[in-house]
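Report on one structure; see the data block that follows.
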Amino acid sequence: MKRVLSPSLGSPQGDYDVTGEFLGQAVRVQRIGTASSRRRFVEILRSERDTVDCFGFGGGDIYVVAGGRRYRWRYEYRMALEAGDTPIVDGSGLKNTIERRTIEWLVAEGVVDFAHSRTLIVSAVDRFGMAEAIARQGGETIMGDLIFSLGVPVPLRSEQALALVARTFLPVITQCPQSWFYPTGAKQEAIAPRYPRFYEWADTICGDFQYIRRYLAQNLMGKTIITNTTKPDDLQLLRERGVRRLVTSTPDLTLGGRSPGTNVLEALVVALLERRPGDITADDYMATLGAMDWEPRVVDL
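Numbering (the numbering used here), first residue to last: 215 to 515.
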């Protein structure tokens, strides 16, 4: 049996341990939240690296991409090195493929008309494939990287503006602990609205669910949210706020109504293909997911 393990800097409340069959192979898929403990995260990598086929780096990123450049988070990269020879992925391989395809699928199926609606992407550098695909639809778009990551209420309205900000700030920001800019641990369980007018402006809200949830506005009547890493109680929260529809780019994967993070899905593909992540192309990812009958999950709330 293959084994995929995602140690996460997030809350343990999202943990799971399930076994399923994928492409004829039995795979055990686990998530272990460390509540922001970097020490515990590294301990898991060290103790489990000889028993795991691929790690998923949960609760953060090793890399972010903007303007065609990749930026490496200093501390998260050092942590990932503790996996040794065992592959470890943060979802970047899928964010540039599956999330781009999700947007294209939603347009083709008539689920979301991005060209004639308003879209908020809470952090475009974290969802670069999705952000590029949405921008190319031609509708009004706000990228909230300055708003939600830095607390500066300045909306970015083009890929060019995002690239300029990224070149200016990311070389410095990525030398700092990612937890300064991204909700981890207990922060994932608390909602602290930040500039709700941007949520209220949008018809569709996209991006990492921990960002979306952390700064969630009270009134989201009739809106669509495109994300992943959701749990059943998250759906209830969104219903209470008036959300009309939830779209997740990652399927259930027998996780009892949970939509896993892209790091978990990417780790699953790496384990199934038995290849190093650097040798797997975008076409390889999509071919494997296609064989698993992948398509976005649309839930009317």
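Yeah, the Cβ is synthetic: ideal placement off N, Cα and C, and Gly gets one too. Owing to the predicted nature of the structure, the values given are computational and were not obtained by experimental measurement.
Range of the contiguous alpha helix (DSSP H) that encloses residue i
i, result
"residue 368", "No alpha helix (DSSP H) contains residue 368, which DSSP labels as neither H nor E."
"residue 357", "Residue 357 -> not in any alpha helix (DSSP H); beta strand (DSSP E) instead, spanning 354-357."
"residue 280", "Taken as a continuous stretch (DSSP letters only), residue 280 belongs to no alpha helix (DSSP H), being part of the beta strand (DSSP E) at 277-280."
"residue 483", "476-487"
"residue 312", "312-322"
"residue 342", "342-349"
"residue 514", "Element bounds for residue 514: not the alpha helix (DSSP H) but the beta strand (DSSP E), 511-514."
"residue 257", "252-262"
"residue 415", "410-415"
Three-state secondary structure assigned by DSSP to residue i
i, result
"residue 432", "coil"
"residue 441", "strand"
"residue 289", "helix"
"residue 239", "strand"
"residue 244", "strand"
"residue 361", "helix"
"residue 493", "helix"
"residue 307", "helix"
"residue 387", "helix"
"residue 302", "strand"
"residue 328", "helix"
"residue 284", "strand"
"residue 448", "helix"
"residue 499", "helix"
"residue 228", "helix"
"residue 426", "helix"
Short Cβ contact (8 Å threshold) for residue i with residue j
i, j, result
"residue 303", "residue 422", "no"
"residue 439", "residue 452", "yes"
"residue 437", "residue 462", "no"
"residue 301", "residue 484", "yes"
"residue 244", "residue 216", "no"
"residue 443", "residue 420", "no"
"residue 313", "residue 332", "no"
"residue 359", "residue 377", "no"
"residue 499", "residue 311", "yes"
"residue 308", "residue 488", "no"
"residue 305", "residue 263", "no"
"residue 351", "residue 383", "no"
"residue 342", "residue 280", "yes"
"residue 459", "residue 503", "no"
"residue 357", "residue 347", "no"
"residue 248", "residue 242", "no"
"residue 296", "residue 260", "yes"
Minimum Cβ-Cβ distance from residue i to chain B less than 8 Å
i, result
"residue 427", "Any reference to chain B falls outside this structure, which holds one protein chain only."
Own chain partners of residue i with C-beta closer than 8 Å, once the 5 adjacent residues on each side are dropped
i, result
"residue 257", "none"
"residue 246", "219, 220, 221, 222, 226, 229, 258"
"residue 365", "408"
"residue 403", "225, 227"
"residue 349", "355, 372, 373"
"residue 406", "428, 429"
"residue 496", "307, 310, 311"
"residue 272", "220, 221, 222, 223, 224, 245, 247, 475, 477, 478"
Contacts around residue i, its chain only, beta-carbon distance under 7 Å, and the 5 residues preceding and following it disregarded
i, result
"residue 465", "508, 511"
"residue 236", "482, 486, 506"
"residue 267", "216, 217, 218, 485"
"residue 426", "336, 419, 439, 441"
"residue 318", "347"
"residue 490", "301"
"residue 362", "336, 337, 408, 425, 429"
Segment limits, beta strand (DSSP E) that includes residue i
i, result
"residue 155", "The first residue shown for the chain is 215 and the last is 515, placing residue 155 beyond what the model contains."
"residue 419", "418-420"
"residue 462", "459-462"
"residue 269", "268-270"
Own chain residues within Cβ distance below 6 Å of residue i, not counting five before or after
i, result
"residue 397", "424, 428"
"residue 449", "none"
"residue 401", "none"
"residue 389", "288"
"residue 368", "360"
*Should the segment 217-236 be called in touch with the segment 473-490, which here means at least 3 C-beta pairs below 8 Å?*
At 8 Å Cβ cutoff, the stretches touch.
*Does the segment 288-296 come close enough to the segment 323-334 that 3 or more CB-CB pairs lie under 8 Å?*
Contact fails: fewer than three Cβ-Cβ distances are below 8 Å.
*asked:* Quick test of the definition: if touching needs 3 or more C-beta pairs under 8 Å, does the segment 454-461 touch the segment 418-438?
replied: Verdict: yes, contact present.
*Quick check: the segment 406-419 against the segment 383-393, are there 3 or more CB pairs under 8 Å?*
Segments in contact, no.
_Whether or not the segment 268-276 and the segment 359-376 are in contact is what I'm after, with contact meaning three or more pairs of Cβ atoms, one per stretch, closer than 8 Å; do they touch?_
Put simply, the segment 359-376 does not touch the segment 268-276. Fewer than three CB pairs are less than 8 Å apart.
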